[in-house]
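Shown next, in structure tokens, is the structure this report addresses.
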Amino acid sequence: MAIKLVELLLVMPGWLTLWIAIFADMGATLLVTLNSLRLLKIKE
């Protein structure tokens with residue numbers, strides 16, 4: 001959530017383009033997804 005807030009604050013004054021904000025959001029989503037996949041590991 002903090003990443004999205006930072007993106008929003010940087011897009012508004014024009015310091016960050018919309019495309020870079022989209023890629024940053026996709027990257028954050030991938031990080032969260034990959035981190036949650038660690039919960040599915042079966043310990044033997």
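In full-length UniProt numbering, the protein residues as written are 1 to 44. C-beta: ideal position from N, C-alpha, C; glycine also.
In the structure shown, Gly14 adopts coil according to DSSP, grouped into three states. In this structure, Val11 lies away from Ala2, with their beta-carbon atoms at least 8 Å apart. In this structure, the alpha-carbon of Thr29 lies about 23 Å from that of Gly14.
Just so you know, the alpha carbons of Leu5 and Leu18 end up roughly 14 Å apart.
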